[in-house]
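In the numbering used here, the protein residues as written are 19 to 72.
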């Protein structure tokens, strides 16, 4: 019965829940996971570059 309840299953469920809630909150926009800086969002060459997680 508890054979399927492994640590990776719990982590997977938490990750999928987080991704699902975040996407639902932002209307399915995947850019919600990236911080787009003003250099790109407003075309300001002196603006902040942002962060995409890499």
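Using N, Cα and C, we set each Cβ at its ideal position, and we do this for glycine too. Just so it is clear, the structure is predicted and the values come from calculations on it, not from any experiment.
Residue span of the alpha helix (DSSP H) that contains residue 43, given as start and end
25-43
If you draw a straight line from the C-alpha of residue 42 to the C-alpha of residue 51, how long is it?
12 angstroms
On a CA-only basis, which of 54, 29, 34 is nearest residue 69? Give me that one, please.
54
Chain-order list of residues whose beta-carbon lies under 6 angstroms from that of residue 62 (same chain, five-residue window excluded):
56
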